[in-house]
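Here's the structure we're looking at; comments come further down.
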Amino acid sequence: MSDDAPAPADNAGYDEWLDALADGEGYALVCPDGHGSLPPRRVCPECGAAALAEEPLAETGSVETHSVVHVAGPRFADDTPYANAIVDFGPVRLTGVLRGVEPGTDAVAIGDRVAVGVEERDTDGEPLVAFRPTDGK
Amino acid sequence: MTDVRVAGVGLTRFGSHPDRTGRDLFATAALRAFEDAGVPREDVEELNYGNFMGALAEHQGHQAPLMAEAAGVNCPATRYEEACASAGVAVREAVRTVRAGEADVALAGGMERMTNLPTDEVTEGLAIAADDLFEVRAGVTFPGAYALMATAYFDAYGGSREDLAHVAAKNHANAVPNEYAQYREEVSVEEALEAPPVAEPLHLYDACPITDGASALVIVSEEYAAENDVDAPVAVTGTGQGTDRMALADRDHLARTPAADDAADAAYADAGIGPDEVDVAEVHDCFTIAEVLALESLGLFEPGEGIGAAHDGITTADGDLPVNLSGGLKAKGHPVGATGGSQIAELTRLLRGDHPNSEHVADAEVGVAHNAGGTVASAVVHVLEVAE
Numbered sequence: 220m221s222d223d224a225p226a227p228a229d230n231a232g233y234d235e236w237l238d239a240l241a242d243g244e245g246y247a248l249v250c251p252d253g254h255g256s257l258p259p260r261r262v263c264p265e266c267g268a269a270a271l272a273e274e275p276l277a278e279t280g281s282v283e284t285h286s287v288v289h290v291a292g293p294r295f296a297d298d299t300p301y302a303n304a305i306v307d308f309g310p311v312r313l314t315g316v317l318r319g320v321e322p323g324t325d326a327v328a329i330g331d332r333v334a335v336g337v338e339e340r341d342t343d344g345e346p347l348v349a350f351r352p353t354d355g356k
Numbered sequence: 065m066t067d068v069r070v071a072g073v074g075l076t077r078f079g080s081h082p083d084r085t086g087r088d089l090f091a092t093a094a095l096r097a098f099e100d101a102g103v104p105r106e107d108v109e110e111l112n113y114g115n116f117m118g119a120l121a122e123h124q125g126h127q128a129p130l131m132a133e134a135a136g137v138n139c140p141a142t143r144y145e146e147a148c149a150s151a152g153v154a155v156r157e158a159v160r161t162v163r164a165g166e167a168d169v170a171l172a173g174g175m176e177r178m179t180n181l182p183t184d185e186v187t188e189g190l191a192i193a194a195d196d197l198f199e200v201r202a203g204v205t206f207p208g209a210y211a212l213m214a215t216a217y218f219d220a221y222g223g224s225r226e227d228l229a230h231v232a233a234k235n236h237a238n239a240v241p242n243e244y245a246q247y248r249e250e251v252s253v254e255e256a257l258e259a260p261p262v263a264e265p266l267h268l269y270d271a272c273p274i275t276d277g278a279s280a281l282v283i284v285s286e287e288y289a290a291e292n293d294v295d296a297p298v299a300v301t302g303t304g305q306g307t308d309r310m311a312l313a314d315r316d317h318l319a320r321t322p323a324a325d326d327a328a329d330a331a332y333a334d335a336g337i338g339p340d341e342v343d344v345a346e347v348h349d350c351f352t353i354a355e356v357l358a359l360e361s362l363g364l365f366e367p368g369e370g371i372g373a374a375h376d377g378i379t380t381a382d383g384d385l386p387v388n389l390s391g392g393l394k395a396k397g398h399p400v401g402a403t404g405g406s407q408i409a410e411l412t413r414l415l416r417g418d419h420p421n422s423e424h425v426a427d428a429e430v431g432v433a434h435n436a437g438g439t440v441a442s443a444v445v446h447v448l449e450v451a452e
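Chains as they are written, first to last, in our numbering: chain A, 220 to 356; chain B, 65 to 452.
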C-alpha cells in the first residue's frame, strides 16, 4: 500500500501510523514518564505530558488475550471465523487479527510471541493490524 | 442537600417491537411511570433521557425534545449518550439535579430501538461503542471484546464456560415470572454449553439478546413527596460514575473493570454504606462474564471469586445475595439506552415488594444497580434504600 502514491489521509495520525506499521516501522508514542499511547495524540492520555516521542515497536509482542469471532458486522462478513488478540509490545498493547493459524480457542496461548504487520480484510481488502506466530506454529 | 426518592417507575415489555417507533416506546414507559407515581406531568421540571444508536436505528437525532413531547412534559430536556450506560448517566443527572435543589421533580430513563435493523447492522452499530480506529477496524465486535475479557479472566483467575453457563441459567430462571422480560423460558446449563459460538469463549446464551424497549422513572425530592402525599418509599442514597481508557487494550487490567470499581466506591461513600450491607443487586450482564466482573467491582466478591457465585448458588434467587432477579440484560433484554433506568425500576419494585420476585428479598433494605458502557470505559452505580 505504500508503494503507490499515498492515499489522502482520512484519519491523519492513524493513517500514517498504519503505513509505518506496514513498512515494518511501527511505533508507539511515549511520554517522559514512560507512558505509551497510539496516535493521534496531543498529550499523554495518562499524565497530560505534551512531549511525546516516537519509539519503535519491538519486533514481536506477547499475546495477552484472544478470542474467536463467529458473528461480525458487514465489514468483516467474509472474514469469519477469525481470531482476535491483544498483544503487549511494551509501552503499548495492540489489538488485531491473528493470521497464519486455524481460528480456534487453542490457536494461540497467552504468552506466545507474535509478529505484527498490516494485512487485508478478506471482505473488502481494507488494511488491518495482523499478528502472525513467530515460533513456526 | 435534599434526599431523593423514586416516586414511580414505568417500563415497556422488553422484546421485539420492530414496528413500534422509539417515541411510542418511551411514551408508554413514561405513561406507566406517571400512573405509578401519581405525580402530575406539569410538575416535571427536567427530562434526562438516554439513547445510544437512535441516529442509526431510526435516523433520528435530537431526541430529547421529541421524547418530552411523547411523555407530555414541557421542560428542559437533554439526551445522554454513554453507550449501554446512557440511561444510568441520565438517572444520575436527575438525582444530582434534585439533590442540588434545582428541581423537585425530574423524569429520567431511556429508549432503544434495535430489532428493526438486520443483525449484522446491529452488530456494527453496537461496535461503535468501541474505539473505531484501534478496535473496530481490527475486527473487535461487542461480544468479541467481552470474549477477550473472558479469556483474560480465565487465564488470571481460573473458571470455565460451565461457570458462565450457570449465570445464564440463573438469569433466565429469574426472568420467567417477570412480565416485562423478553425471554421468559428457562435455559439449562447444558443448553447454554451446547449453543453455537458467537465470539469464543462466549456462546449464544452467554450473550444478551437484541431488544427494543424503554424505561422511565419519576424522581422527586423527599420534601415534594411529603408535601404532596406521594408514596415513594425507596430512596436513591448513593450515585457514582467512573471512566476508563476507551480501548480495552489500554486498560490496566484486561480481566477487571476499574471504571466500575471507581463508580462503586463513589456510590458507597455517597450512601455511607459498604458492600457488606447490600441485600440485592441488578448488574450489567450484557454477557455472562460481565456479571462476574460487575460483582467483583461492586466489592461483593473478591477479584477471581465472582466466577463461582452463580455456580455455588450464592447469587441465585434463593441464595444469600440474589443478583439480577429481573432476569438481567441476559434474559430480560438489553435495549441499550433504556437499560440503566430499567435496572433502577426493577430494584425499586423489588424493594417496594411489588415485583414478582420480591418474595426472594422480602427483608431487603439496600439494593445496588450497576450499569456499564462499552467494555466498561463508562460505569454508573446507584445505591437504593428502603426509606419508609
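Glycine residues also receive a C-beta, built at the ideal position from the N, C-alpha and C atoms.
What you are looking at is a predicted structure, and each value in this text was computed from that prediction instead of being measured.
Taking Cβ-Cβ distances shorter than 7 Å, what residues in chain B pair up with residue i?
{"i": "Pro264/A", "result": "Arg309"}
{"i": "Phe295/A", "result": "Gly203"}
{"i": "Leu257/A", "result": "Phe198"}
{"i": "Thr324/A", "result": "Glu264 and Pro265"}
{"i": "Tyr233/A", "result": "Leu197"}
{"i": "Tyr246/A", "result": "Per Cβ cutoff of 7 Å: no residues; Tyr246/A is ~14 Å from chain B at best."}
State the Cα-Cα distance for the pair residue i and residue j, rounded to the nearest angstrom.
{"i": "Ala304/A", "j": "Glu287/B", "result": "54 Å"}
{"i": "Glu250/B", "j": "Gly245/A", "result": "50 Å"}
{"i": "Ala364/B", "j": "Gln407/B", "result": "Before going on, a small fix: residue 364/B reads as Leu here, not Ala. Rounded to the nearest angstrom, the two C-alpha atoms are 18 Å apart."}
{"i": "Gly355/A", "j": "Val333/A", "result": "Any reading at Gly355/A must be qualified, since the residue scores a pLDDT of 46, below 50, and its modelled position is unreliable; no value is offered."}
{"i": "Tyr269/B", "j": "Leu237/A", "result": "36 Å"}
{"i": "Gly243/A", "j": "Tyr233/A", "result": "15 Å"}
{"i": "Asn421/B", "j": "Asn238/B", "result": "8 Å"}
{"i": "Val351/B", "j": "Ala214/B", "result": "The question names Val, but residue 351/B is Phe in the sequence shown. Cα to Cα, the separation comes out at about 10 Å."}
{"i": "Met175/B", "j": "Val294/B", "result": "26 Å"}
{"i": "Ala71/B", "j": "Thr179/B", "result": "31 Å"}
{"i": "Val240/B", "j": "Val288/A", "result": "30 Å"}
{"i": "Val284/B", "j": "Ala170/B", "result": "6 Å"}
{"i": "Arg201/B", "j": "Arg163/B", "result": "43 Å"}
{"i": "Asp83/B", "j": "Arg177/B", "result": "10 Å"}
{"i": "Thr379/B", "j": "Ala245/B", "result": "19 Å"}
{"i": "Gly336/B", "j": "Glu449/B", "result": "11 Å"}
Below 9 Å on C-beta distance, what does residue i contact in chain A?
{"i": "Val356/B", "result": "In chain order: nothing, as chain A lies at least about 15 Å away."}
{"i": "Val262/B", "result": "Val288, His289 and Val290"}
{"i": "Asp184/B", "result": "Val290, Ala291, Gly292, Pro293 and Ala296"}
Check the Cβ of residue i against every Cβ in chain A and list those closer than 8 Å, keeping chain order.
{"i": "Leu312/B", "result": "Ile305 and Thr314"}
{"i": "Asp219/B", "result": "Thr284 and Ile329"}
{"i": "Pro207/B", "result": "Val288 and Val290"}
{"i": "Ala191/B", "result": "Gly292"}
{"i": "Leu318/B", "result": "Glu283, Thr284 and Ile305"}
{"i": "Thr187/B", "result": "Val290, Ala291 and Gly292"}
Quick check on the burial criterion: 16 or more other C-beta atoms within 10 angstroms. Buried or exposed for residue i?
{"i": "Ala323/B", "result": "buried"}
{"i": "Arg260/A", "result": "exposed"}
{"i": "Pro265/B", "result": "buried"}
{"i": "Asn138/B", "result": "exposed"}
{"i": "Asp276/B", "result": "buried"}
{"i": "His230/B", "result": "buried"}
{"i": "Glu157/B", "result": "buried"}
{"i": "Asn435/B", "result": "buried"}
{"i": "His123/B", "result": "exposed"}
{"i": "Val445/B", "result": "buried"}
{"i": "Met220/A", "result": "In this prediction, Met220/A scores a pLDDT of 43, lower than 50, which makes its location untrustworthy; the coordinate-derived value is nonetheless stated afterwards. With fewer than 16 Cβ atoms within 10 Å of its Cβ, Met220/A is classed as exposed."}
{"i": "His126/B", "result": "exposed"}
{"i": "Asp222/A", "result": "Its pLDDT being 48, under 50, Asp222/A is placed unreliably in this model, and the value from its coordinates should be taken loosely. Asp222/A comes out exposed."}
{"i": "Met65/B", "result": "exposed"}
{"i": "Ala231/A", "result": "exposed"}
{"i": "Val142/B", "result": "Note that residue 142/B is Thr in the sequence shown, not Val. The residue in question, Thr142/B, is exposed, as its Cβ has fewer than 16 Cβ neighbours within 10 Å."}
{"i": "Thr183/B", "result": "exposed"}
{"i": "Gly152/B", "result": "buried"}
{"i": "Ala272/A", "result": "exposed"}
{"i": "Gly401/B", "result": "buried"}
{"i": "Glu146/B", "result": "buried"}
{"i": "Ala328/A", "result": "exposed"}
Note down, in chain order, every chain B residue with its Cβ under 8 Å from the Cβ of residue i.
{"i": "Leu347/A", "result": "Arg201, Ala202 and Gly203"}
Mind listing the chain A neighbours of residue i? Cutoff is C-beta to C-beta under 7 Å, in chain order.
{"i": "Ala93/B", "result": "Simply none; closest approach about 29 Å."}
For the stretch 328-371 of chain B, list the beta strand (DSSP E) runs that are entirely contained and at least 3 residues long, ordered along the chain.
Here the runs fully enclosed are 344-346.
Please give the ranges of any alpha helix (DSSP H) in the stretch 376-423 of chain B, keeping only runs that are unbroken, at least 4 residues long and fully inside the region.
Secondary structure within the stretch 376-423 of chain B: the alpha helix (DSSP H) runs of 4 or more consecutive residues, fully enclosed, are 392-396 and 403-416 (chain order).
If we count Cβ pairs, one from each stretch, closer than 8 Å, do we get three or more for the stretch 385-403 of chain B versus the stretch 301-321 of chain B?
Put simply, the stretch 385-403 of chain B does not touch the stretch 301-321 of chain B. Fewer than three CB pairs are less than 8 Å apart.
Please list the residues of the stretch 148-167 of chain B that have a C-beta atom closer than 7 Å to any C-beta atom in chain C, keeping them in chain order.
Looking at the structure shown, chain C is missing, and the protein chains on hand are A and B.
Inspect the CB distances between the stretch 217-225 of chain B and the stretch 368-377 of chain B and report whether three or more fall short of 8 Å.
Yes: the two stretches touch, three or more of their Cβ pairs being nearer than 8 Å.
Check whether the stretch 422-432 of chain B and the stretch 336-345 of chain B are in contact - that is, three or more C-beta pairs closer than 8 Å.
By the Cβ test, the stretch 422-432 of chain B is in contact with the stretch 336-345 of chain B, since at least three Cβ pairs between them sit closer than 8 Å.
Which runs of the alpha helix (DSSP H), 4 residues or longer, sit entirely within the stretch 208-267 of chain B?
Within the stretch 208-267 of chain B, the complete alpha helix (DSSP H) runs of at least 4 residues are 225-239 and 253-258.
Is the number of C-beta pairs between the stretch 189-199 of chain B and the stretch 87-98 of chain B that are closer than 8 Å three or more?
No, because fewer than three Cβ pairs between the stretch 189-199 of chain B and the stretch 87-98 of chain B fall closer than 8 Å, the two stretches do not touch.
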